[in-house]
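Structure first, commentary second.
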Amino acid sequence: MENFIAAIIFAVLTAAGTLGVSSIGMFVFYRDKEDRDAEQRNRFEYGFFGLAGLVVMLLMWYAL
């Protein structure tokens, strides 16, 4: 039980890193040929969430 906080931080690090990398992947590979405006909005969202996920991952890494 002494490393309980470290285990929670590691779980958050893993989840944020996975979501960040997958969102960056969606940013790179997402295409919507019918609606270019919706494509740009979605790519902006994927980029933002990907970057935010990676920042949270790095903060949790520093916290460990």
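Residue numbering for the sequence shown is 19 to 82, as defined by the working numbering. The beta carbon of each residue, even a glycine, is placed where N, CA and C say it ideally should be.
- Judged by DSSP secondary structure, Tyr48 falls outside any alpha helix (DSSP H); it is assigned neither H nor E.
- Within the model, the alpha-carbon separation for Asn21 versus Ile27 is close to 10 Å.
- Here the alpha carbons of Lys51 and Leu76 stand approximately 35 Å from one another.
- One alpha carbon belongs to Ala70, the other to Val46, and they sit about 16 Å apart.
- Assigned with DSSP and collapsed to three states, Asn60 falls in helix.
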